[in-house]
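Note sheet for the following structure.
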Amino acid sequence: MNFTRYVALGDSFTEGVGDPDPALPNGVRGWADRVAGALTAVDPDTRYANLAIRGRKLVPIVDEQVDTAVSLNPNLVTIHAGGNDMLRPGVDLDALGEVYDEAVGRLVATGATVVIFTPHDPGASKFFRPLRGRFAIMAEITRRIADRHGLVLVDYWRIRDFDDMRMWASDRLHMSSQGHQRMAIAVLDALGVAHDLEPLPLPDSIPAGAAENLRWTREFLGPWVGRRLRGTSSGDDLEAKYPTWSAAPA
Numbered sequence: 001m002n003f004t005r006y007v008a009l010g011d012s013f014t015e016g017v018g019d020p021d022p023a024l025p026n027g028v029r030g031w032a033d034r035v036a037g038a039l040t041a042v043d044p045d046t047r048y049a050n051l052a053i054r055g056r057k058l059v060p061i062v063d064e065q066v067d068t069a070v071s072l073n074p075n076l077v078t079i080h081a082g083g084n085d086m087l088r089p090g091v092d093l094d095a096l097g098e099v100y101d102e103a104v105g106r107l108v109a110t111g112a113t114v115v116i117f118t119p120h121d122p123g124a125s126k127f128f129r130p131l132r133g134r135f136a137i138m139a140e141i142t143r144r145i146a147d148r149h150g151l152v153l154v155d156y157w158r159i160r161d162f163d164d165m166r167m168w169a170s171d172r173l174h175m176s177s178q179g180h181q182r183m184a185i186a187v188l189d190a191l192g193v194a195h196d197l198e199p200l201p202l203p204d205s206i207p208a209g210a211a212e213n214l215r216w217t218r219e220f221l222g223p224w225v226g227r228r229l230r231g232t233s234s235g236d237d238l239e240a241k242y243p244t245w246s247a248a249p250a
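Structure (structure tokens):
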């Protein structure tokens, strides 16, 4: 099947944070752009919309993006949501699952092929490892949603390549360019789409030690905590990269 009308929904994961490209909207590329490029190689008439905005939690993603996606009459939709919710204390994962399930049902009703993702396994991360149980529960909720609606599932939890911290950006939260390329390959393979994407070379090593931890605290953790205290988000002043049909970025 040729997927010629592709809409991507979600948060920073789908927007492409961690894969910088100053020439593109919001300054990032990401796995979804790479998937769109591969689809265009199959059919040059492919059109692409990416509604994802960094920092969005699951309910705002549903409220702000699903109706727009439905109105575009896609034949392929990817959706990833809930990552930002799981970082908040007191999150109700079952309630999130109910919202997610209903939203996915609306997308499936368009006749589009819908791709959904489990969370990744944070066990390799010293900082996020304490949340591993929460991520595991959400992964199982996502698998159940995929089974119920007959979705294409990318089981991020089981892609063990992401245990290698070189697949992650310097903020330790978002995938690096290598990670985004690996995710694009996973999505295309799950869809059965022929492509020529190959894993990108990994650096020989990544910065480590006390100085690097101090940099990470100053440049990422501190600002992140500050935004939580102020009730703001890194995506508050951003718009979607491709809010309507566009050609895939070169």
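Residue numbers for the sequence shown follow full-length UniProt numbering, so the first one is 1 and each next one is one higher. Heads up, the beta-carbon is just placed ideally off N, CA and C, and yes, glycines get one too.
Buried or exposed (CB count within 10 angstroms, at least 16 for buried), residue i
i, result
"proline 22", "exposed"
"glycine 150", "exposed"
"methionine 167", "buried"
"phenylalanine 127", "exposed"
"proline 201", "exposed"
"asparagine 2", "exposed"
"proline 74", "buried"
"serine 205", "exposed"
"arginine 160", "exposed"
"leucine 229", "exposed"
"alanine 194", "exposed"
Bridge partners - residue i, DSSP secondary structure assignment
i, result
"serine 170", "According to DSSP, serine 170 bridges with nothing at all."
"methionine 175", "Trp168"
"serine 246", "Tyr48"
"leucine 9", "Ile79"
"valine 114", "Val77"
Residue i and residue j closer than 7 Å at C-beta
i, j, result
"leucine 93", "leucine 58", "no"
"tryptophan 245", "arginine 47", "yes"
"serine 233", "glycine 10", "no"
Residue i, enclosing beta strand (DSSP E) - first and last residue
i, result
"threonine 4", "Taken as a continuous stretch (DSSP letters only), threonine 4 belongs to no beta strand (DSSP E), as it is neither H nor E."
"valine 99", "Premise fails: valine 99 lies in the alpha helix (DSSP H), 93-108, not in any beta strand (DSSP E)."
"leucine 200", "Taken as a continuous stretch (DSSP letters only), leucine 200 belongs to no beta strand (DSSP E), as it is neither H nor E."
"valine 70", "Element bounds for valine 70: not the beta strand (DSSP E) but the alpha helix (DSSP H), 67-71."
Same chain, Cβ closer than 8 Å to residue i, neighbours up to 5 away in sequence not counted
i, result
"glycine 123", "Arg129, Arg132 and Asp163"
Close Cβ partners of residue i (< 6 Å) along its chain, the five nearest in sequence each way excluded
i, result
"asparagine 50", "Ala8, Ala32, Lys241 and Tyr242"
The alpha helix (DSSP H) enclosing residue i, as first and last residue numbers
i, result
"valine 28", "Here valine 28 belongs to no alpha helix (DSSP H), and DSSP marks it neither H nor E."
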